[in-house]
Structures are given as structure tokens and as C-alpha cells.
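Notes to accompany the following structure.
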Amino acid sequence: MIEHNLARLSKDEMDKINTDLAASGVAFKERYNMPVIPDSVEQTQPQHLREYFQQRLRHYRQQSRALSRLPYEPKSR
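For the record, in the sequence shown the residue sitting at position 24 is 24 according to UniProt numbering, with numbers rising by one throughout.
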């Protein structure tokens, strides 16, 4: 069971959560046509979690197909 206090998690569990977060971020950016390079993000993940990153990315891409798109307006500079 996952604890609510993330500081108490082991390094491996924290890495897994961060990898999952990275995959969801890529899927989000793809959904809104924001610039993202999935291969680049994957390379920043720990070697032993890259397959997990691919699995989670496929999962979040599949989930995004079922969701409607919200309007996105990038920040003006």
C-alpha cells in the first residue's frame, strides 16, 4: 500500500512515481499539441524504469482518447 507521506517512500518507489509523472506529462503535452519529445524524456528516466515509462505512456495516451479536450492557451510572452 502506498503511503500518503511521499518522503517516507524508498528511493525505488520515488523513482517509479516520478517516472509515472513524467509519462503523464508527456501524454498531456501531446494531447494539447505542446512541444514535447518523448524519447528525450524517456532518456532522463533511470535505465531500469524505461520500460515502465513506455507502459505508462501507452496507458496515459489511451486514457486521453476517452477525454474531451479543454481549451489551452499558451502564455503570451
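Glycine residues also receive a C-beta, built at the ideal position from the N, C-alpha and C atoms.
Among the options, nearest to residue i - alpha-carbon criterion
i	options	result
R18	P38, P46, E30 and D39	According to the sequence as given, residue 18 is Asn; it is not Arg. Per the Cα distances, P46.
R58	D20, S40 and M34	D20
Y52	Y32, E13 and R8	E13
residue 106	N33, Q54 and Y32	The structure shown has nothing for residue 106, since the chain only spans 1 to 77.
Proximity of residue i and residue j at Cβ, strictly below 9 Å
i	j	result
E30	V36	yes
D15	L49	yes
S64	A27	yes
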